[in-house]
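For reference, the structure discussed in these notes is given below.
In this note's numbering, the protein residues as written are 1293 to 1518.
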């Protein structure tokens, strides 16, 4: 219960903050809260997936912190809405892309999801992408070209990557990458439509993960016989 509270608290802090340091703190609380949930089964694959996840999130958090400090140094502003210099904006967009698993910095996501159980995988695919997505929503008017490139590459990688997979969790990971790509693309033209897409993605992903959990399915062959 404490860990779930930590997940909720981290996301809420990031949602409500207008200061980069607070937003970064919320993301870190989120990461630290989900790590014990990921490793609770003590399976070697779960430990490996958790280690990969921690290293990726720590790298992204360091990039985000460095970019926000660079922005403060160049412009004298810590405010999320007051981003004007292109260098920190680009670094922050890439750090958030790494955090959510957008292509081309997506390679960790299928590997991490494959090592987790379906319930934790569901949390990782849905709740954990909320806070970074909220930050992308706030910086998107200033950095549309980079975000369109990230969105396009994610839709392509997500579509192609899932084609030759037999493991359901990897298919879901590539599906997640593709959906996030579409959301980033739509974000440039209609933020309200993006929020509707995000809600639909949450509902579809939750029902899919929970169905697989109910049937105890991990690959396509067991799904066909269950």
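Idealized CB from N, CA, C, for every residue including glycine.
Comparing C-alpha positions only, which one of the options sits nearest to residue i?
i: residue 1312; options: 1401, 1496, 1381; result: 1381
i: residue 1305; options: 1358, 1319, 1487; result: 1319
i: residue 1372; options: 1310, 1489, 1337, 1413; result: 1310
i: residue 1395; options: 1491, 1468, 1298; result: 1468
i: residue 1415; options: 1370, 1315, 1499; result: 1499
i: residue 1355; options: 1369, 1389, 1327; result: 1389
i: residue 1413; options: 1477, 1460, 1515, 1431; result: 1460
i: residue 1458; options: 1317, 1438, 1516; result: 1516
i: residue 1350; options: 1488, 1403, 1317; result: 1317
i: residue 1427; options: 1483, 1343, 1364, 1491; result: 1483
Within 10 angstroms of the Cβ of residue i, are there 16 or more other Cβ atoms? Answer buried if so, exposed if not.
i: residue 1475; result: buried
i: residue 1486; result: buried
i: residue 1497; result: buried
i: residue 1479; result: buried
i: residue 1296; result: exposed
i: residue 1481; result: exposed
i: residue 1315; result: buried
i: residue 1368; result: exposed
i: residue 1470; result: buried
i: residue 1392; result: buried
i: residue 1402; result: buried
i: residue 1490; result: buried
i: residue 1439; result: buried
Between which two residues does the alpha helix (DSSP H) holding residue i run?
i: residue 1513; result: 1512 to 1517
i: residue 1481; result: Unbroken run through residue 1481: none, as it is neither H nor E.
i: residue 1308; result: 1294 to 1308
i: residue 1458; result: No alpha helix (DSSP H) contains residue 1458, which DSSP labels as neither H nor E.
i: residue 1404; result: 1400 to 1406
i: residue 1430; result: 1422 to 1431
i: residue 1383; result: 1378 to 1392
i: residue 1349; result: 1336 to 1367
i: residue 1312; result: 1312 to 1330
i: residue 1411; result: 1410 to 1417
How many angstroms separate the CA atom of residue i from the CA atom of residue j?
i: residue 1406; j: residue 1330; result: 12 Å
i: residue 1294; j: residue 1302; result: 12 Å
i: residue 1352; j: residue 1505; result: 30 Å
i: residue 1445; j: residue 1473; result: 7 Å
i: residue 1512; j: residue 1341; result: 21 Å
i: residue 1399; j: residue 1348; result: 10 Å
i: residue 1375; j: residue 1510; result: 44 Å
i: residue 1345; j: residue 1366; result: 31 Å
i: residue 1339; j: residue 1441; result: 33 Å
i: residue 1328; j: residue 1300; result: 15 Å
i: residue 1308; j: residue 1448; result: 33 Å
i: residue 1432; j: residue 1493; result: 20 Å
i: residue 1337; j: residue 1424; result: 26 Å
Taking 7 Å as the cut-off, is the C-beta of residue i nearer than that to any heavy atom in the ligand FAD?
i: residue 1444; result: For the ligand FAD, the structure offers nothing, since it holds no ligand at all.
>> Check whether the segment 1417 to 1430 and the segment 1316 to 1326 are in contact - that is, three or more C-beta pairs closer than 8 Å.
In response: yes
> Using 8 Å as the Cβ pair cut-off and three pairs as the minimum, do the segment 1444 to 1460 and the segment 1368 to 1384 touch?
Replying inline: no
> Is the segment 1384 to 1398 in contact with the segment 1355 to 1373, if contact means three or more CB pairs nearer than 8 Å?
Replying inline: yes
> Is there contact here, the segment 1391 to 1410 with the segment 1331 to 1342, by at least three beta-carbon pairs under 8 Å?
Replying inline: yes
>> With a threshold of 8 Å, are at least 3 pairs of Cβ atoms found where one atom belongs to the segment 1498 to 1515 and the other to the segment 1455 to 1468?
In response: yes
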